[in-house]
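Here my numbering is used: the sequence shown runs in plain steps of one and ends on residue 521.
We put the beta carbon where it would ideally sit given N, CA and C, even for glycine.
Here the structure comes first, spelled out in structure tokens, and everything after it is commentary.
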Amino acid sequence: MHRRMPALLSLLTVLALCSFGVVSARTVSARVAPRPAVTGHISKPMKQTAAPPTTADCEAQFGIACYQPFQLQQAYNLAPLYSQGLNGTGRTIVIVDSFGSPTIQQDLHKFDRAFGLADPPSLKIIQPAGAVPPFDPNDPTMAGWAEETTLDVEWAHVMAPGANILLVETPVAETEGVTGFPEIVQAENYVINNKLGDVISQSFAATEETFPSPDALRHLRSAFENASLHEVTVLGATGDDGATDAFLDGTCCYPTRVTAWPATDPLVTAVGGTHLTLGSRGNRLAPDEVWNDFGATGGGLSSVFERPGFQDSVENVVGPQRGVPDISMSAAVDGGVLVYFSFLPGQAGYYVFGGTSVATPLFAGIVSIAAQKAGHSLGLINDQLYRLAKNSGSGIVDVTRGNNSFSFTDANGNPVTVTGYTAGRGYDLASGLGTINAAKFVNAIAP
Numbered sequence: 075m076h077r078r079m080p081a082l083l084s085l086l087t088v089l090a091l092c093s094f095g096v097v098s099a100r101t102v103s104a105r106v107a108p109r110p111a112v113t114g115h116i117s118k119p120m121k122q123t124a125a126p127p128t129t130a131d132c133e134a135q136f137g138i139a140c141y142q143p144f145q146l147q148q149a150y151n152l153a154p155l156y157s158q159g160l161n162g163t164g165r166t167i168v169i170v171d172s173f174g175s176p177t178i179q180q181d182l183h184k185f186d187r188a189f190g191l192a193d194p195p196s197l198k199i200i201q202p203a204g205a206v207p208p209f210d211p212n213d214p215t216m217a218g219w220a221e222e223t224t225l226d227v228e229w230a231h232v233m234a235p236g237a238n239i240l241l242v243e244t245p246v247a248e249t250e251g252v253t254g255f256p257e258i259v260q261a262e263n264y265v266i267n268n269k270l271g272d273v274i275s276q277s278f279a280a281t282e283e284t285f286p287s288p289d290a291l292r293h294l295r296s297a298f299e300n301a302s303l304h305e306v307t308v309l310g311a312t313g314d315d316g317a318t319d320a321f322l323d324g325t326c327c328y329p330t331r332v333t334a335w336p337a338t339d340p341l342v343t344a345v346g347g348t349h350l351t352l353g354s355r356g357n358r359l360a361p362d363e364v365w366n367d368f369g370a371t372g373g374g375l376s377s378v379f380e381r382p383g384f385q386d387s388v389e390n391v392v393g394p395q396r397g398v399p400d401i402s403m404s405a406a407v408d409g410g411v412l413v414y415f416s417f418l419p420g421q422a423g424y425y426v427f428g429g430t431s432v433a434t435p436l437f438a439g440i441v442s443i444a445a446q447k448a449g450h451s452l453g454l455i456n457d458q459l460y461r462l463a464k465n466s467g468s469g470i471v472d473v474t475r476g477n478n479s480f481s482f483t484d485a486n487g488n489p490v491t492v493t494g495y496t497a498g499r500g501y502d503l504a505s506g507l508g509t510i511n512a513a514k515f516v517n518a519i520a521p
């Protein structure tokens, strides 16, 4: 999720679908932490429909595309894997979110029934860092995290329908800076120490400059160091504010290029966002581009971490610093994914979400399938990603169009544009190494 959600990298975006009539779109630039992000929020009173909307429904009623599960499964070429029984069976995807959602069990079941998916073999919820406060639907922070939780769970499951899902809820909302991270670190260490999962999906982040010091940030890395030792893969969303990100108070944005942690951590695989243009069956109508519509994919150079060894091959791009993203998946709002939730009284229904917190659970699903094929968790995959990118048959598909420049209105009402990075051949700071053809990628990374 994104700060705009408590730093939760989502675009909590949202389109209150299942509605009819005139719709207004707005881009929200001002944010007060820890309110969840609602960038590119399109909404109006909903009227429930008997079935989820199609791409054509969304285009006709809202002027943007939306995609159902089978369309992204087709776009990422998952069918050859499923036909071999490779769907994440026997592996566990760990989803970490503050507060969670009180209706996630029934919402996932409803989502699965609507799209012809089987329920996951297991959906367990734990709170190892302390009991989560009772859910208050009138609390925008809790509601935002519940949206994020639902998005993460439903779409990790879409990609890897045979994988177990472990939802790890924490009792303090992650915002900018240190807040919420000690509880997240404690919870993730519990998961790792007890060997509860294979891949950890983190749809949250905080601008590096909002931490009191680089050392304050580094002192929060124990879970990632632990994951590396125990061969658990950790993913982190790069953000939804393009080449910039939010201030400590949660308002948008730094007038200069900045990046967000934990995506910038060398022990984390940073997941950025792309824009997919798909037909009704999920076939690509155009090559993927860097996501930049109601928000934009995070990407740039860390101010805390030096270039890790796995990026030596792209030193000409990153110089002496850690660059993000490493890989990118679908994150656009115009081409967002459908999510069903019912935790808000009288507002149950389907919504459209975009943001890098869509991209991150999507990639977590693919990693879990690769872990199934390998017969074990993969651990830190960054070295492998950069090696595989040199091989045209590896399933890493270059993204060569678009940029992550970002425009917003500052606190004084002045328009600001932070010029971002442009995609090109090979590694770049807008799309990383590119995106994924899952069938080829899984066979390459877990031969």
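Output needed for ALA463: all residues of its chain with C-beta closer than 6 Å, excluding positions within five of it in sequence on either side, in chain order. Its chain contains ILE470, LEU507 as the residues whose beta carbon lies nearer than 6 Å to that of ALA463, once the 5 sequence neighbours on both sides are disregarded; these appear in chain order.
Neighbourhood of GLY236 by C-beta distance below 6 Å, restricted to the same chain and skipping five residues each side: Beyond the five residues adjoining it in sequence on each side, GLY236 comes within less than 6 Å, by CB distance, of ASN161, GLY162, THR163 in the same chain, given in chain order.
Would you identify the three-state DSSP class for GLU299, choosing helix, strand or coil? Here GLU299 sits in helix by DSSP.
Rounded separation between GLY204 and THR244 - CA only: Using only the alpha carbons, I get a separation of about 7 Å.
Do you know offhand how far HIS450's Cα is from ILE401's? Looking at the two C-alpha atoms, the distance is approximately 22 Å.
Cβ-Cβ distance between VAL364 and ALA497 below 8 Å: Yes, these two residues count as a Cβ contact at 8 Å.
Could I get the ranges of all uninterrupted beta strand (DSSP E) runs contained in the stretch 364 to 440, with 3 residues as the minimum, in chain order? If we require 3 residues or more, the beta strand (DSSP E) runs fully inside the stretch 364 to 440 come out as 374 to 380, 395 to 398, 401 to 404, 410 to 415, 423 to 427.
Three-way DSSP call (helix, strand, coil) for VAL308 in this model: Of the three classes helix, strand and coil, the one that applies to VAL308 here is strand, per DSSP.
Proximity to PHE384 [Cα-Cα], best of TYR424, ILE455, LEU436, ARG187: The candidate whose alpha carbon is nearest that of PHE384 is ILE455.
Applying the criterion that 16 or more other CB atoms from any shown protein chain within 10 Å of the CB defines a buried residue, is ASP386 buried or exposed? The residue in question, ASP386, is exposed, as its Cβ has fewer than 16 Cβ neighbours within 10 Å.
State the CB to CB distance for the pair VAL170 and ILE239, rounded to an integer number of angstroms; the pair is presumed to be in contact (CB under 8 Å). Not confirmed; about 12 Å, so no contact.
Check LEU241 in the structure and name its three-state DSSP category. In this structure, LEU241 counts as strand in the three-state DSSP scheme.
Name the two residues that bound the continuous beta strand (DSSP E) containing SER157. Run containing SER157: none in the beta strand (DSSP E); it sits in the alpha helix (DSSP H), 153 to 157.
Would you call the CB atoms of GLY356 and ALA149 closer than 8 Å? For GLY356 and ALA149, yes; Cβs fall inside 8 Å.
Beta-carbon spacing of THR128, SER175 below 8 Å: No. Outside cutoff.
Distance, Cα to Cα, LEU322 vs PRO435? If I take the Cα positions, the gap works out to 26 Å.
Is PHE427 near GLY410, with beta carbons less than 8 Å apart? At the C-beta level, PHE427 and GLY410 come within 8 Å of one another.
Extent of the continuous beta strand (DSSP E) to which HIS349 belongs: Counting along the chain, the unbroken beta strand (DSSP E) around HIS349 starts and ends at 343 to 349.
Buried or exposed for ARG396, please, with buried defined as at least 16 other CB atoms from any protein chain shown within 10 angstroms of its CB. By the Cβ neighbour-count rule, ARG396 is buried, with 16 or more other Cβ atoms within 10 Å of its own.
May I have the straight-line CA-CA distance separating LEU418 from THR325, to the nearest angstrom? About 25 Å.
Nearest to VAL473 (by Cα), restricted to the options ALA444, THR215, GLY346: Put simply, of ALA444, THR215, GLY346 the residue whose alpha carbon is nearest the alpha carbon of VAL473 is GLY346.
Close Cβ partners of SER302 (< 6 Å) along its chain, the five nearest in sequence each way excluded: Excluding residues within five positions, the ones whose Cβ falls inside 6 Å are LEU341, LEU454.
Could I get the ranges of all uninterrupted alpha helix (DSSP H) runs contained in the stretch 171 to 215, with 4 residues as the minimum, in chain order? Listed in chain order, they are 178 to 189.
Going by Cα to Cα distance, which pick from GLN201, THR330, ILE519, LEU182 is closest to PRO194? The residue with the shortest Cα to Cα distance from PRO194 is LEU182.
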